[in-house]
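As numbered in mature numbering (1 follows the signal peptide of the UniProt record, and there is no 0), residues -18 to -1, 1 to 225 make up the sequence shown, in order.
Backbone N, C-alpha and C fix where the C-beta goes; we use that ideal spot for every residue, glycine too.
Source: prediction; values computed, not measured.
Here is the structure we will look at, set down as structure tokens.
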Amino acid sequence: MKKWLVLFAALFLFASFAAPAKADAVPQLIIINKSTNKLAFFDSGKLVKVFNVATGRNNSFTPEGTFPIVNKIKNRPYYKDKIPGGDSRNPLGDRWLGLHALGTNGTTYAIHGNSNPNSIGTYASAGCIRMHNEEIRYLFDLVHTGTSVLILHSNQSFEAIAAANNYPNTVPADSAPVEEEKKPEPPAEEKPAPEPVEKPKPAAPEPEEEDPLTCIKSKLQGRIYFPDIHIKMDVSCPQKPAN
């Protein structure tokens, strides 16, 4: 009995302290468009924020492709001129997001701050992506190591670029809206055919009024006239109406 109690207690303690398994979240994504010198930060499938940046003063200086962030460094020294990290003269600013680009493993190409804010939005760097110091600090605190950085030239929106590169849960902003399916209209009720309408027959022409003289002539036509014998004949004809 005691063994069962001990085993039960052990399982209870293990379940209490064991961290619950976390489901894989939608990854982050950074897109840098050299055509506009802007950087877009996506998190959990949504566009979070867009920043102005500076890229290479020659088009070939900033490599294009998809590169992971392999290190995050605060106050990285500028070894070339022996300027310590955090110094206001440091051209790298105080935050460095190193990219594994062209086999450099985060040592050469990076998204970083700078000491010349007027260069932001222009083509000015030796290949890195420059940001304002306060903006790289914001991004530095949110982005994870391993996040993919896509660098390219494009005239599409950031949402369209993300969707074209299979980034989940994004819909291109410049796509045509989906039309709602139209329901078929119910058939119209059949109406009875109208009964044929008989055309009115033309009225018979009224008989023309006979002229009295013509009537008398027709009465006498074909009869023998005897001057000495008065034969009474019906020579009544209609009288012509007076005007």
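- With contacts defined by Cβ atoms closer than 7 Å, A92 and G109 do not form a contacting pair.
- For A144 and V8, the gap between their C-alpha atoms comes out near 13 Å.
- With at least 16 other beta carbons inside 10 angstroms of its own, R58 counts as buried.
- Note on geometry: alpha-carbon atoms of F43 and H135 lie some 13 Å from one another.
- Distances from the CA of P150 to each of R71, E117 and F24 were compared; the closest alpha carbon is that of F24.
- Selection H126, T127 and I102 evaluated against E116 yields I102 as nearest (Cα-Cα).
- S139 places its beta carbon 7 Å or farther from that of T48.
- At the C-beta level, S97 and A36 stay beyond 7 Å of one another.
- In the assembly as shown, V125 is a buried residue. Its beta-carbon has 16 or more other beta-carbons within 10 Å.
- A straight-line Cα-Cα distance of about 7 Å links Y60 and P73.
- Non-local C-beta neighbours of A83 in its own chain, meaning closer than 6 Å and more than five positions away in sequence, comprise P45, F49 and Y91, ordered along the chain.
- Listed in chain order, the beta strand (DSSP E) runs fully inside the stretch 36 to 60 are 47 to 56, counting runs of at least 3 residues.
- Inter-residue distance for G75 and G95 is about 4 Å (C-alpha atoms, whole angstroms).
- Secondary structure within the stretch 76 to 117: the beta strand (DSSP E) runs of 3 or more consecutive residues, fully enclosed, are 77 to 81, 92 to 94 and 105 to 107 (chain order).
- One thing to note: I55 has its Cβ no nearer than 7 Å to the Cβ of L132.
- Residue state for L74 is assigned as coil, using DSSP reduced to three classes.
- With a threshold of 16 other beta carbon atoms within 10 Å, A146 falls short and is exposed.
- Within the DSSP secondary-structure output, V131 pairs in a beta bridge with I12 and F49.
- Across the structure, L29 and P66 are spaced so that their CA atoms are roughly 35 Å apart.
- DSSP, read as helix, strand or coil, puts A7 in coil.
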